[in-house]
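Student:
Numbering (the UniProt record's numbering), first residue to last: 1 to 306.
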């Protein structure tokens, strides 16, 4: 199985706005979609605390975004042999001792089936604690677990910090009660895009759905025959569930794509109670509460572009 971690297609600097300015841009977008909104700049919280459960202590220091593979490895041709390594990815992104988290497709050869992933690694400590969600034949229908392999397949979108022990400031957001049509991440992404127009801004972040429920999907095992259309993937193959707070969500987003085939937003969630998968939107707008922490990247690395 070929390791494609060093297949750097291109890298490019992105606009890194001042945090206060970025926070104000995000606030202006969120007030159009949520009843209560508060935005400020704070030191990054300790992500090793139980409510987060991540491996790296902090994020945001000299932040890079890695956009790896992509949905093009699913359709029009299934390339399930495309393999990547989190440690090698960090080296490719000039952060060999960095830490990384983010959504992607898990290591199906290890797990035994196609699966969702929240990648989680601290290279300096040589520690991997990646979260996996897979379909199982139980009443619940899915199962969360952790793996300690740095391998994954198909795709990922990673927020890579140069030094997980370096605490930097981040934009802190809390919202309650969704009044608009946009979900939390789309509202933030649109707000940043509206503010910075064609200047690309890329964000990595962690947020917690504190109250309410959300629609998530989990990928089942690969089909016996290739899909004929993309609609078959979204309408027939993916399995959708309503999952409950609290959910820890890792996200990567871009305000614009200057021609690099970027995935504009990607968010996966996990929890201490076994709910996990790919985030779509909250299903209880009146009661939902989000709290998130976001940092702008300095550079984007497009790896194994497809």
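Every residue, glycine too, gets a C-beta built ideally from N, C-alpha and C.
In whole angstroms, what separates the C-alpha of residue 48 from that of residue 228?
Tutor: Roughly 43 angstroms between the two C-alpha positions.
Student: As an exercise, report each continuous beta strand (DSSP E) stretch of at least 3 residues that is fully enclosed by the stretch 53-79, in chain order.
Tutor: Counting only runs of 3 or more, we get 64-69.
Student: Identify every residue that forms a DSSP beta bridge with residue 1.
Tutor: Its beta-bridge partners do not exist; DSSP assigns none.
Student: Going straight from the alpha carbon of residue 36 to that of residue 286, what length do you get?
Tutor: Distance between the alpha carbons of residue 36 and residue 286: 11 angstroms.
Student: Does the stretch 183-195 come within contact of the stretch 16-29, defined as at least 3 CB pairs closer than 8 angstroms?
Tutor: Segments in contact, yes.
Student: Give me the Cα-Cα distance between residue 238 and residue 128, rounded to the nearest whole angstrom.
Tutor: So the alpha carbons of these two residues sit roughly 27 angstroms apart.
Student: Could you have a look at residue 288 and say whether DSSP puts it in helix, strand or coil?
Tutor: Here residue 288 sits in coil by DSSP.
Student: I believe residue 223 touches residue 16 by the beta-carbon criterion, under 8 angstroms. Please report the beta-carbon distance rounded to the nearest angstrom.
Tutor: Not quite, the Cβ-Cβ distance comes to about 42 angstroms (not below 8 angstroms), so this is no contact.
Student: Mind checking which residues open and close the alpha helix (DSSP H) that includes residue 184?
Tutor: 184-196 is the extent of the alpha helix (DSSP H) around residue 184.
Student: Would you mind reading off the limits of the beta strand (DSSP E) that contains residue 144?
Tutor: Counting along the chain, the beta strand (DSSP E) containing residue 144 begins and ends at 142-147.
Student: Residues in its own chain within less than 7 angstroms of residue 200 by CB, not counting five upstream and five downstream?
Tutor: Cβ within range, chain order: 14, 15, 254, 255, 256, 258.
Student: Note the first and the last residue of the continuous beta strand (DSSP E) segment covering residue 112.
Tutor: It is not in any beta strand (DSSP E) - residue 112 carries neither H nor E in the DSSP assignment.
Student: Less than 8 angstroms between the C-beta atoms of residue 111 and residue 136, yes or no?
Tutor: No, Cβ-Cβ distance for residue 111 and residue 136 is not below 8 angstroms.
Student: With a Cβ-Cβ cutoff of 8 angstroms, do residue 34 and residue 251 count as a contact?
Tutor: No, they are not a contact pair.
Student: Please report the Cβ distance between residue 156 and residue 104, rounded to the nearest whole angstrom; I am assuming they are in contact, meaning their Cβ atoms lie under 8 angstroms.
Tutor: Confirmed, Cβ separation roughly 3 angstroms.
Student: Report yes or no: do three or more beta-carbon pairs, one from the stretch 165-179 and one from the stretch 77-84, lie closer than 8 angstroms?
Tutor: Contact between the stretch 165-179 and the stretch 77-84 is absent, because fewer than three Cβ pairs lie under 8 angstroms.
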